[in-house]
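Peer 1: In this text, residue positions in the sequence shown follow UniProt numbering: the first is 1, and each later residue adds one.
Where is the CB? At the ideal position from N, CA and C, for every residue including glycine.
A single structure is presented below for examination.
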Amino acid sequence: MNHDNSANTQVSATIDLLDLGTVHRLGFGAMRIVGDGVWGEPADRDAAIAVVRRAVELGVDFIDTADSYGPNISEEILAEALHPYKDGLKIATKVGFARTGPDVWVPVGRAEYLRQQTELSLRKLKVDSLDLLQLHRIDPKVDQEEQFTVLRELQQEGKVKALGLSQVSVAQLEEAGKYFTVSTVQNRYNLTDRSSEDVLNYAEQNGIGFIPWAPISAGELARPGGAMAEAAKRLGATTSQVALAWLLRRSPVMMPIPGTSSVKHLEENLGAAGVVLDDATYAELEAAH
């Protein structure tokens with residue numbers, strides 16, 4: 001059971017994303033670098049900037065954000081911390097949610113709104129072309145065709161390099177694929193929530209990166225005596241590291257993006273790349289679910 005708890009993502013395997021290129025599979029999610037309720041300024045902006053810079057120092061080359069985080073503030077902090085961007089660093093953002101208050105998320109999929117938000121993200125991130133633009137949610141009140149068509153147009157215009165979707169079904173993925181190449185799909189997935197297993201399988205079969213949100217959520221399994229807690233004790237790792245190591249082993253297209261506002265937690269999370277789950281431990285975690 002070899003493991004290396006140092007925070008070194010160089011041991012995190014890579015994935016080749018369609019239209020985007022190669023990135024390390026263990027990335028950073030920038031949702032938590034803003035205020036409570038994913039709303040407003042963080043309590044300490046300098047600390048947020050330090051976390052982002054440390055992630056890149058440790059080899060992270062895939063950062064996931066959204067126009068709705070803050071709103072706007074997450075993208076602005078990334079630009080402040082990292083622009084001009086290091087070669088090879090990819091920043092993924094999302095559009096499709098309006099924010100009317102803390103913890104309130106309203107899907108808006110009208111073409112003019114998605115286009116406006118994309119233009120604003122280009123400005124906030126200080127780039128001519130977004131690396132990866134993901135539709136945060138398909139708006140049920142707007143024809144899917146309208147939403148997928150504007151994404152395709154933005155890509156054809158060179159405003160975005162690659163396109164992805166979030167919280168979708170296999171049928172929706174297939175439909176989107178008629179309009180553009182789907183590079184990534186971002187659905188909730190972790191050791192205790194496998195409701196998107198079919199989407200993960202589709203992603204694997206079609207070479208689509210699968211970004212699991214809420215990757216560390218493990219509930220009872222992480223409590224003392226739980227399967228994950230026991231595995232962590234045996235491996236000399238934390239339960240978060242075991243949760244992430246399990247995801248990385250689960251599928252070669254899996255791209256966990258644990259988020260945090262703390263450098264200590266960031267370093268701990270990235271140390272998951274050095275935690276090797278032996279077959280017996282992996283099987284035990286599978287069975288516990």
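Rounded to whole angstroms, what is the Cα-Cα separation between Leu-18 and Phe-62?
Peer 2: Each residue's Cα considered, the two are about 14 Å apart.
Peer 1: Report yes or no: do the region 207-214 and the region 260-269 share at least 3 C-beta pairs separated by less than 8 Å?
Peer 2: Output reads no: the region 260-269 does not touch the region 207-214.
Peer 1: Taking only three categories from DSSP, how would you classify His-265?
Peer 2: Residue state, collapsed to three classes: helix.
Peer 1: Should the region 149-158 be called in touch with the region 103-121, which here means at least 3 C-beta pairs below 8 Å?
Peer 2: Judged by Cβ distances under 8 Å, the region 149-158 makes contact with the region 103-121, as three or more pairs qualify.
Peer 1: Determine contact between the region 230-237 and the region 189-201, defined as no fewer than three beta-carbon pairs at a distance below 8 Å.
Peer 2: Flag = no, the region 230-237 and the region 189-201 do not touch.
Peer 1: At a Cβ threshold of 8 Å, is Pro-140 touching chain D?
Peer 2: In the displayed structure, chain D is absent; only one protein chain is listed.
Peer 1: According to DSSP, is Phe-148 part of a helix, a strand, or is it coil?
Peer 2: The answer is helix: DSSP assigns Phe-148 an H, G or I state.
Peer 1: If you drop the 5 nearest sequence neighbours on each side, which residues of the same chain put their C-beta closer than 7 Å to that of Ser-6?
Peer 2: Residue placement at Ser-6 is poorly supported in this model, since its pLDDT is 44, which falls under 50; the coordinates are not used for a value here.
Peer 1: Quick one: what does DSSP say Gly-236 is sitting in, helix, strand or coil?
Peer 2: In this structure, Gly-236 counts as coil in the three-state DSSP scheme.
Peer 1: Which same chain residues, not among the five before or five after Asp-131, have their C-beta less than 7 Å away from its C-beta?
Peer 2: Within the same chain, Asp-131 has close Cβ partners Leu-20, Lys-90, Ile-91, Ala-92, Lys-161, Ala-162.
Peer 1: Tell me, to the nearest whole angstrom, how far the beta carbon of Asp-67 is from that of Lys-86; I am working on the premise that it is less than 8 Å.
Peer 2: The Cβ separation is near 22 Å, so there is no contact.
Peer 1: For Leu-122 and Lys-178, which I take to be in contact (beta-carbon distance under 8 Å), what is that distance rounded to the nearest angstrom?
Peer 2: Contact flag wrong, Cβ pair sits at about 26 Å.
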